[in-house]
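In this note's numbering, the protein residues as written are 736 to 1024.
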C-alpha cells in the first residue's frame, strides 16, 4: 500500500514525557515530507497549542484540533469549525458543577475554567500551560455558570477533569441520556471531552482527507489515547505507541516504541524508507495525482 498522509497525535506520541519533541522526531517528520508525504497533527489540544508543535516540526498544513471541531492552517481562516451552542453549553455546565471536577471551556481564541483545584496537581499543571498566554487568553472564574449567564459562549469543546473515576462514568451516562447535541469522549479514566455531535478525530481527519483527495486507507495514523482508537482502526495503517493503554494497542496494526524511546522516528524509519517518493510514483504512473 502507498501511504500519502501521516497524521500524528501530540501528547504521548510526538511529545516525550518531559513535554519536549526529540531531535530524531523532527528529523523523521522532515524525512517523510521530503518524500512528498503530507503530514498533519490530530489532537484534542487547542489550535494555538497544536500550532506551536507544528511550527517546531515545520508543518504548514491544516491541523485537526479541538478533537476535530476546529481544522485550520491559520486561526482566523478555519476550513472547518463546529461549536456547542450557548444554551447547551450552559445546561451542561450546570450539570457538571454538581460534581467535584475542573471544567474548561475551549474556544480557538480563549479558554475559561473554574477555579476548582484537583488533587492531581501534575495533571492540572499540564492542562493549563498549553498555548501562549500572551496570545491565547486563559481565564479562571469562581463559577462558570454565573459567568455564562452574563457572557454566553459557544465553545468548540468542553474539557472535564474529574477527581473520581465513578464521577466520570456517571457524568458520561447522564450527558448521553440528556443531550443529543453533544458527544462525550473519554480520554482516560479521569478526563472527559464534550464535543458537538458528529465531531471526532476520525471525522476531522476524514474531512481534511476529502479536501486533499486522500482516502483513509492512504493514511498512517500514530496515537496513544483511548480517543485515538477509532482513527487507528480506520486508517490504512493504524499505529499505537508502546506507552498506550492495552485497548489502544489491541486496536492497532503495529505498535512502535514509547514516546521516550522515539517511537515516531522508529516507525518512520521502519516503514517509510521502503516507499518511493510520491513524485517518482507519479512519474511512473503508479499513482494518478
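Even glycine gets a Cβ: it sits at the ideal position worked out from N, Cα and C.
Minimum C-alpha distance to residue i - residue among the options
i           : options             : result
residue 917 : 990, 814, 929       : 929
residue 994 : 922, 983, 1008, 979 : 979
residue 983 : 905, 1006, 922      : 922
residue 817 : 893, 883, 796, 1002 : 893
residue 774 : 947, 796, 925, 754  : 796
residue 824 : 843, 877, 884, 787  : 884
residue 900 : 925, 843, 891       : 925
residue 834 : 842, 794, 909       : 909
residue 969 : 828, 837, 944, 878  : 944
residue 811 : 793, 933, 990, 843  : 843
Limits of the unbroken alpha helix (DSSP H) element including residue i
i            : result
residue 938  : 936-947
residue 1068 : Beyond the ends of the chain as shown, which are 736 and 1024, falls residue 1068; an answer cannot be given.
Backbone secondary structure at residue i - three-state DSSP
i           : result
residue 979 : coil
residue 874 : strand
residue 973 : strand
residue 829 : helix
residue 819 : coil
residue 866 : Residue placement at residue 866 is flagged as unreliable, the pLDDT there being 41, under the threshold of 50; a coordinate-derived value is accordingly withheld.
residue 847 : strand
residue 738 : coil
residue 747 : helix
residue 888 : coil
residue 961 : helix
residue 910 : helix
residue 698 : With the chain covering only 736 through 1024, there is no way to say anything about residue 698.
residue 806 : strand
residue 839 : strand
residue 765 : helix
residue 926 : strand
residue 800 : strand
residue 903 : helix
residue 775 : strand
residue 898 : coil
residue 893 : strand
For residue j and residue i, the rounded distance between their alpha carbons
i            : j            : result
residue 826  : residue 807  : 29 Å
residue 886  : residue 850  : 17 Å
residue 1004 : residue 763  : 8 Å
residue 967  : residue 958  : 7 Å
residue 769  : residue 895  : 39 Å
residue 974  : residue 954  : 11 Å
residue 897  : residue 1006 : 39 Å
residue 914  : residue 1009 : 48 Å
residue 776  : residue 752  : 18 Å
residue 972  : residue 936  : 16 Å
residue 880  : residue 786  : 30 Å
residue 946  : residue 805  : 15 Å
residue 986  : residue 964  : 6 Å
residue 948  : residue 1023 : 11 Å
residue 891  : residue 813  : 12 Å
residue 828  : residue 819  : 12 Å
residue 798  : residue 905  : 32 Å
residue 782  : residue 1011 : 32 Å
residue 738  : residue 878  : 48 Å
residue 832  : residue 888  : 17 Å
residue 801  : residue 736  : 30 Å
Contacting residues, own chain, Cβ-Cβ under 7 Å from residue i (five flanking each side not counted)
i            : result
residue 1101 : Nothing in the structure corresponds to residue 1101, since the chain is present only between 736 and 1024.
residue 941  : 951
residue 997  : 757, 759, 760
residue 745  : 776, 778, 780, 785, 788
Other residues of its chain near residue i: CB distance less than 8 Å, five sequence neighbours each side excluded
i           : result
residue 845 : 871, 872, 873, 874
residue 748 : 957, 958, 959, 976, 994, 998, 999
residue 907 : 919, 921, 927
residue 961 : 921, 922, 923, 980, 982, 983
Close beta carbons around residue i, own chain, < 6 Å, minus the five adjacent residues each side
i            : result
residue 772  : 741
residue 848  : 839, 875
residue 815  : 806, 942
residue 852  : none
residue 1002 : 974, 991
Min CB distance residue i to chain B below 8 Å
i            : result
residue 1008 : No chain B appears in the structure shown, which is made up of a single protein chain.
Beta strand (DSSP E) segment containing residue i, residue limits
i           : result
residue 920 : 917-923
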